[in-house]
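The block underneath contains the structure these notes are about, expressed in structure tokens.
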Amino acid sequence: MTVNYQLKRADFIFKNENDWEDVLGKSIGRTPQELINELISSELKGRGGAGFPTGLKWKLSAEAESDVKYVICNADEGEPGTFKDREILSRVPFKVLTAMAVCGHVIGAKEGYIYLRGEYFFLQPELNKAIDEFEYYCKETNLDFKIKIFMGSGAYICGEETALFESMEGKRGEPRNKPPFPTNYGYMGKPTVINNVETLAHTFTIFKYGAKRFYDLGVQYSRGSKLFSVSGDTPKPGIYELELGMSLADFVEEFGDGDTKAVQVGGASGFLVPRKRFAETAIGFQGKLTGISLPTGGSMMLFNSSRSMFNVLDNYLEFFREESCGQCTPCRVGCQQLLMGIKAVKRGEKNARYLDKLLTLTETMKLTAKCGLGQSVANSFSSIVENFREEMIY
Amino acid sequence: MNPVSELIKNLADQHGRNRHNLLPILQGVVEQEKYLSEFSMIEIARELDLPASEVYGTATFYSFLEHKKMGKYIIRICKTITCSMKGKNQILLAIEDMLKINVGETTPDGNFSLLQTNCLGFCHKAPAMLINNDVYTELTPEKVREILSSYLKKQKEGIA
Amino acid sequence: MTKKIKININGIPVEVDTGTTILNAARQAGVIIPSLCYHKDLCIAGNCRVCVVEISGQKRLAAACATPCEEEMEIHTNSLNVLHARKQIIELLLSEHNADCTSCFKNGSCELQKLASDYKILKQDFIRLVPFRNYTIDKYSPSIIKDDSKCIRCQRCVRTCAELQGINALTVAHKGDHMKITTFFEKPINDVVCSTCGQCINHCPTGALVEKNYIEKVWDAIADKTKHVVVQTAPAVRIGLGEELGFDPGARVTGKMVAALKRLGFDAVMDTDFTADLTIMEEGTELLSRLKSVLVDHNPDIKLPMATSCSPGWIKYIEHIFPDFLDHLSTCKSPQQMFGALAKTYYAKARNLDPDKIVSVSIMPCTAKKFEAARPEMHASGYRDVDYVLTTRELAIMIKQAGLDFMTLEEMHFDRLMGESTGAAVIFGATGGVMEAALRTVYELVTGREVPFENLDITPVRGMDGVREASVKIENPLKAWAFLDGVELKCAVAHGLVNAKKVMDSIKSGESNYHFVEIMACPGGCLGGGGQPIPTNPEIRQKRAEAIYAEDRGMPFRKSHQNPEIIKIYKDFLIKPLGEKSHQLLHTHYTARERF
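Same order as they appear, the protein sequences are chains A, Z and B. Add 835 to a position in the first sequence, counting from 1, and you land on the number used in the numbering used here. Add 5 to a position in the second sequence, counting from 1, and you land on the number used in the numbering used here. Add 516 to a position in the third sequence, counting from 1, and you land on the number used in the numbering used here.
Below, the structure written as structure tokens:
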């Protein structure tokens, strides 16, 4: 993808003009097909990390035949370094609720759920207040859509859509086999649209301003703006809404502390980009629909020269080893082997060549793991080991 | 009726008795009792007509549904990379020093349990921790000591 | 008519029904894709990832067992990517596994071992994970040994216990590297609602779940010159044993089985089928007595329907889950236990033996029989009625250890006194068999005529449907049974505990009005029991069932009351069914247990 310009800030998500009732009213008055077309032409892609085209998702669910359908807002934000969804839900919750109701109108769903991670329990009182106010408006305008919060209980894997359904159904959060896909067979086996909090917030922008306003931001294949959660060795930690497509070099220029050695893009499931590649790396989605997109949940963790990349990788692998659901062989055993493997190499118990065997293991995990967790471990593992091999050994 | 049985019956009345109501009920018991005992799991199984093993298997999947006896205040320190970089270990040492327990243990008076947890979503204000459902960020060893002291004070006043 | 779609497997065009998985479609192209977590009896899991294949146009490999074929799909089951991935996955499993094969009970019959052998995993560089876990072996159950260090977490046992048996004694707990298969609060399986049916053992691909074996103890007993070792063999063993010793499923090896047992050194080789006939006499009489109590005396303490009591897995199940219904169970012991009690009394007396010196062994298709033999109340003879229970599999091991060339053994006959049986007895091994045997005798007892079914084959109670119903109208009974005139005897048959629950629920709710129900814990009945040869699947069980009915047709006597040795035992010893001797030796009571 083309790397073109400097950092461009945007201000759609957190700008609150208290006009949600207006936007909701107008959107409900439009046909589902119109709304779907609007989303498709905006080229909005999921902001949770998987990057699936939102318009297509709503379209598939709308076409599925069923008397009961669901809209679910995935607020199980657990990717290390990501904290944007929390901010959206506390500062502009009505945008999310509105988007959910519009989605319900588009696909034919009367019930919406917000799957809120257990760690965000403290958000509940305010969020429930917002929902009460929202439902009051719905009742007044005869809009048949109810929203409930479903609390998680500390499981990162429940952010995976099918694991989330399992969790909501009172079971262990173990991802399901796909096909069938959620748009046909989701929560309780019914067609379900499940979207990330930020994705829903963007649909609000699109329904308010029209697709073109959104499309005009960003670059080809990566339209629109995105929230970035910036942390680590930076003088400006926080949440920033930026247009997609910027080069990582410009990002580091803005947010680095002058000594940035590497940036982890997309959390532990993402890629570690070393300094020498900043200029050639652009932040966005790659072209194909079914390809592996750059996991841009938007987490950006900056590491300066004082940080050990071994510690970083060790930390990620500990995370995956704990949070894996444990169902499938490549992920359950693979994560353990990777973690113990790098420790063994560091201690000198295994030859440095063993790292190459571990790299082939991550390839196997990428190809055979049952869900995104196991499939993505390869991203950080290979990017760290390939770029910082010395730090793994000495 | 046993208070736990009563709690479970009320939760079941409130949420429903289907399989998909299991998680809110488990959460409700943990909210009050701080953990799920063997007895409470059997009661839940009885109330929802589920096999006890299913209740156990589901509960143990979720990190926040403790099945071992916990203290009144459960401290969860984030150990993910950014909090690690910003001094989580000093915070841990300060707590271990003050409460005289290690990670995974509970104070003898049953007030505090110390655990580590994964990313809490406050990376820009690291290091962070949860005490039960409350978040504390931008921690320093002094700040942590102050926070824990205030909990101890609250506890004493509560008893009085 | 389902729509057909055209796909391509390894360059071979294949036409399949819509919805067929790649795993099943591959068979049509002559390709057997290896798998571990997949099992015909169970729902699809898709977690072992051994069956991954490459689909053109898809970046990731797909699990063949869980992916339905789509029009024009191009599938490669042996591309280099697939081979590399599959080998690494097997290597990963081996790193998590206690791969000390030479000391494992499943050496030679382990599915993981076979995969490692087929794929020649000659270099295993991954770090061995077993030493880092504190695995303990659960040996507390009299029937089942659970060794977590060999578990590959395919979850077949969990799905079996949930879907086939509906008990959920096993579950998956924790997550990540702590994920394991265990019980409620990780207690020994003996302390939870396990029925000891052993279906989990039948479905486990490795040595993580095996039966408690008593082979050494039996060898010791045989070698002990001072002991007189008596062995009995269950109906289902004679049509299953062959599978472990080179025969195809459905082979009838009765004569060879007897010959082998004699060669192994047992002092007397007799037949559980004898006591199966005896059970029919006792249980049939009991049924009639209950019918009279309910229909004539209106005695509220006597319960109908009466349920069979020969399946100990079923007994433990009802004791846990429906403890209020224990008085529906027939008080008759199972044929195994009746035999054991008689071996140390009737047989001992007839042969002038000191019962203290008799060791009573049984060969069973069942693991729950080990639990049954160890039940505290089973010592009616004054001694433990059955000392050791061996599964069909254990017997095959003993035959191999003795170096017998089973296939060429000349057929022999059971020993006298407790070795004769009828066709009604051998069908005990199939679901519906006890019911059919009971009806053949009871109907004739009551009416003086044979059951009104061609060739005595009561087909309505046969078959593999989970729950089957049948009714037999009693017309023109003998004078003594006049109260049954016009009564339609309603019967139900269920196999697999998940179906037992259906029947029990309908009894509990009052929905049904059965008089007599037969319940077998295992799918297919005893022929699919927890001690039978592995593998098991619907086709194999069907073949075994056909063999059982063939045995039935080949017997000289087809009704229990015709058995000459049965007539003799009543004349010489028991006097009459439900008589005092019978009550002392052949009837039992049950224990209510905890539901959770």
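In this text, a Cβ means the ideal position worked out from N, Cα and C, and glycines have one as well.
For residue i, which residues from the same chain have a beta carbon less than 7 Å from its beta carbon, with the 5 sequence-adjacent residues on both sides left out?
{"i": "K1075(B)", "result": "T938, A940, R956, T957 and E960"}
{"i": "T1125(A)", "result": "Because T1125(A) sits at a pLDDT of 27, beneath the cut-off of 50, its placement in the model cannot be relied upon, and the following sentence gives the value as read from the coordinates. Counting only Cβ-Cβ distances below 7 Å, and skipping sequence neighbours, we find nothing."}
{"i": "V812(B)", "result": "F999"}
{"i": "K885(B)", "result": "P828, Q852, S878 and V905"}
{"i": "I1041(A)", "result": "E873, L874, S877, L879 and F1049"}
{"i": "S988(A)", "result": "G953"}
{"i": "D979(A)", "result": "K945"}
By the 10 Å Cβ neighbour count, where 16 or more other Cβ atoms means buried, how is residue i classified, buried or exposed?
{"i": "F44(Z)", "result": "exposed"}
{"i": "R22(Z)", "result": "exposed"}
{"i": "S1128(A)", "result": "With a pLDDT of 38 at S1128(A), under the threshold of 50, the modelled position of this residue cannot be trusted, and the question is left open."}
{"i": "Y1229(A)", "result": "exposed"}
{"i": "E143(Z)", "result": "exposed"}
{"i": "P113(Z)", "result": "exposed"}
{"i": "I1091(B)", "result": "exposed"}
{"i": "N851(A)", "result": "exposed"}
{"i": "D911(A)", "result": "buried"}
In chain order, what residues of the same chain lie with their CB nearer than 8 Å to the CB of residue i, ignoring the 5 residues before and after it?
{"i": "K1043(A)", "result": "D854 and V858"}
{"i": "E1076(A)", "result": "R844, A845, D846, F847, I848, F849, S1060, K1061, L1062 and F1063"}
{"i": "M1071(B)", "result": "S937, T938, G939 and V942"}
Measure the C-alpha to C-alpha separation of residue i and residue j and round it to an integer number of angstroms.
{"i": "G1047(B)", "j": "L97(Z)", "result": "54 Å"}
{"i": "V1019(B)", "j": "E1027(B)", "result": "10 Å"}
{"i": "F841(B)", "j": "I834(B)", "result": "8 Å"}
{"i": "K655(B)", "j": "A1066(B)", "result": "39 Å"}
{"i": "M986(A)", "j": "P29(Z)", "result": "7 Å"}
{"i": "P1045(A)", "j": "V1054(A)", "result": "Looking at the sequence itself, residue 1045(A) is Gly, so the reference to Pro does not match. Each residue's alpha carbon lies about 18 Å from the other."}
{"i": "F790(B)", "j": "E1004(B)", "result": "30 Å"}
{"i": "R806(B)", "j": "H1105(B)", "result": "16 Å"}
{"i": "L631(B)", "j": "V746(B)", "result": "40 Å"}
{"i": "S155(Z)", "j": "E38(Z)", "result": "22 Å"}
{"i": "D817(B)", "j": "S809(B)", "result": "9 Å"}
{"i": "I871(A)", "j": "T1038(A)", "result": "11 Å"}
{"i": "G1122(A)", "j": "K519(B)", "result": "Residue placement at G1122(A) cannot be trusted, given a pLDDT of 46 that sits under 50; the coordinates are not used to answer."}
{"i": "T837(A)", "j": "S1218(A)", "result": "The pLDDT assigned to T837(A) is 48, lower than 50, so where the model puts this residue is not dependable, and the model offers no usable value."}
{"i": "D787(B)", "j": "G756(B)", "result": "16 Å"}
Mind checking which residues open and close the alpha helix (DSSP H) that includes residue i?
{"i": "N1222(A)", "result": "G1207 to N1222"}
{"i": "K733(B)", "result": "I731 to A739"}
{"i": "D102(Z)", "result": "K93 to L104"}
{"i": "E946(A)", "result": "Run containing E946(A): none in the alpha helix (DSSP H); it sits in the beta strand (DSSP E), E946 to L951."}
{"i": "K1201(A)", "result": "Y1189 to T1203"}
{"i": "D1149(A)", "result": "M1144 to E1158"}
{"i": "I591(B)", "result": "Per DSSP, I591(B) belongs to no alpha helix (DSSP H); it is in the beta strand (DSSP E), E590 to H592."}
{"i": "D18(Z)", "result": "P8 to H20"}
{"i": "Q917(B)", "result": "T908 to Q917"}
I'd like the list of long-range same chain contacts for residue i, defined as Cβ closer than 6 Å, with 5 residues on each side in sequence excluded.
{"i": "G535(B)", "result": "P584"}
{"i": "Y1030(B)", "result": "P821, K1006 and A1008"}
{"i": "A1010(B)", "result": "V983, A1016, V1019 and I1035"}
{"i": "K743(B)", "result": "A737, K873 and V875"}
{"i": "E33(Z)", "result": "Strictly speaking, residue 33(Z) in this sequence is Gly, with Glu absent from that position. Cβ within range, chain order: L16."}
Under a three-way DSSP split, which group does residue i fall into?
{"i": "Y67(Z)", "result": "coil"}
{"i": "P29(Z)", "result": "helix"}
{"i": "L157(Z)", "result": "helix"}
{"i": "N909(A)", "result": "strand"}
{"i": "S1028(B)", "result": "coil"}
{"i": "D787(B)", "result": "strand"}
{"i": "M822(B)", "result": "strand"}
If the cut is a Cβ gap below 9 Å, which residues of chain C does residue i touch?
{"i": "P915(A)", "result": "Judged by its chain identifiers, the structure shown contains no chain C, and its protein chains are A, Z and B."}
What residue does the beta strand (DSSP E) around residue i start on, and which one ends it?
{"i": "N524(B)", "result": "K520 to I525"}
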